[in-house]
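Asker: Provided herewith is a single structure, encoded as structure tokens, for subsequent inquiry.
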Amino acid sequence: MTHISPAANSTPVSGKAVTINFNDNALLPLLLGDHDRHLVRLEQGFGVRLACRGNRVAISGHPEAVQAAQQALTGLWKKLERGEGVSQGDVDAAIRMLNRAADEDPRLPLSDLPAIRTRRGAVGPRSPGQTAYIETLARHEMVFALGPAGTGKTYLAVAQAVAMLLANRVERIVLCRPAVEAGERLGFLPGDLKEKIDPYLRPLYDALHDMLPGDQVIRRLGTGEIEVAPLAFMRGRTLSHAFVILDEAQNTTEAQMKMFLTRMGEGTRMVITGDLTQIDLPPGTRSGLRDAVETLEGVQGIGVARFGVKDVVRHPLVGRIVDAYDQRAAAARETARGRSRRENDGTGQS
């Protein structure tokens, strides 16, 4: 395999264009994608023009956009040189990581980004928020992850849990979720305890199967190395040398959250994930997640990772959907404030 140095093989043209030479013709089709779909996506994502001639790709457009597209192409090329694949998701991730405003954090080379190592390979960040989250997971014993659906909060937490279990840094993984829809009373569902709570924990199972072979997941569930439990069943326990994940934590009450956090024992890591815009608690009930973050942020050993619409890594339409709902909610709040001001003004005049 022929390795290239992007800096040595990139030729600037008039300050607004760059030509990159790729010296391995066997890998180049993988970089371009079927029918050049990866190039098309990069053009759309960065607002540049890309043209492939032989083993060269020319990039033209605004200087900053050209630089970002160049970094994306060379970063994806390095993945191919390492023997990894390049999917449409990888292309979208490169765009998301590099297509930033000038006043944001400096761009990192894609090859220098943090990653979580599992036996299924490295799980790397696909957005700026995920980069910060992976670093927070590595540094803190307790992490709160807040943000909309599709930002990878739960997936990366499970990846970190599996990595630590395989490295013998924890003895087991405990997955927990409040079963709010059933009011924590699961008796009406058929089957044993595991079968009753499985529907609520399915996203966690899906992430586990991405990190571990299916037979290992089944075996470790059988031996107790991986445990699933509804939040209501955590009371009275002390969890030591474990990696504990509480998912959908916005649906905990203040009392439930305090109970959960105080289960932490020696050698344990905890990750608490949730979306404060999707609270399913009864009206008037304060979310335990909101209360915990407001109370504990800044406490030594506790990290808080926040995700936004730009960190949504599912289908691009998901990000636009989340953004549309956020805009509608902001407009509703502004309307309510305007109504309140008018009412106050009217009271003052009378």
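Residue numbers in the sequence shown follow this note's numbering, run continuously in steps of one, and reach 1704 at the last position. Glycine included, every Cβ here is placed at the ideal spot set by N, Cα and C. Just so it is clear, the structure is predicted and the values come from calculations on it, not from any experiment.
For G1483 and S1441, I'd like the C-alpha separation in whole angstroms.
Answerer: 20 angstroms
Asker: Measure how close the beta-carbons of D1598 and M1624 come, nearest whole angstrom, since I'm counting them as under 8 angstroms.
Answerer: Here residue 1598 is Val; the residue named in the question, Asp, does not match the sequence. Confirmed, Cβ separation roughly 5 angstroms.
Asker: Can you tell me which of Y1487, H1563, R1531, L1430 puts its alpha carbon nearest to the alpha carbon of G1662?
Answerer: Y1487
Asker: Beta-carbon separation of G1607 and L1635 under 8 angstroms?
Answerer: As written in the sequence, residue 1607 is Thr, which differs from the Gly given in the question. Contact: yes.
Asker: For the 8 angstroms Cβ check, are there 3 or more pairs between the region 1446-1454 and the region 1419-1435?
Answerer: yes
Asker: By how many angstroms is the C-alpha of R1395 removed from the C-alpha of D1388?
Answerer: 12 angstroms
Asker: If you measure between the beta carbons of A1430 and D1444, is that distance less than 8 angstroms?
Answerer: Rather than Ala, the amino acid found at residue 1430 in this sequence is Leu. Yes, the Cβ-Cβ distance between L1430 and D1444 is below 8 angstroms.
Asker: Considering Cα atoms alone, identify which of N1377, N1605, N1453, R1436 is closest to V1402.
Answerer: N1453
Asker: When DSSP labels each residue in this structure, what does V1411 get in the three-state scheme?
Answerer: strand
Asker: Per DSSP, S1641 forms a beta bridge with which residues?
Answerer: T1607
Asker: Put F1498 into one of helix, strand or coil per three-state DSSP.
Answerer: Three-state DSSP puts F1498 in a strand.
Asker: Taking L1527 as part of the beta strand (DSSP E), name the residues at either end of that continuous run.
Answerer: Per the sequence shown, the amino acid found at residue 1527 is Ile instead of Leu. Unbroken beta strand (DSSP E) run through I1527: 1526-1531.
Asker: What is the rounded straight-line gap between the Cα of G1399 and the Cα of L1520?
Answerer: 37 angstroms
Asker: Give me the Cα-Cα distance between R1691 and Q1681, rounded to the nearest whole angstrom.
Answerer: 15 angstroms
Asker: Check the C-beta distance from A1499 over to T1627 and give it rounded, since I have them as a contact under 8 angstroms.
Answerer: 4 angstroms
Asker: Tell me which residue opens and which closes the alpha helix (DSSP H) that R1589 is part of.
Answerer: Careful: R1589 lies outside any alpha helix (DSSP H) and carries neither H nor E.
Asker: Count Cβ pairs between the region 1491-1507 and the region 1643-1660 that sit closer than 8 angstroms; are there 3 or more?
Answerer: In short, these stretches touch, since the Cβ pair count reaches three.
Asker: Can the beta-carbon of E1602 be found less than 8 angstroms from the beta-carbon of R1531?
Answerer: yes
Asker: Using only alpha-carbon positions, find the residue among A1533, T1472, A1503 that is nearest to Q1514.
Answerer: T1472
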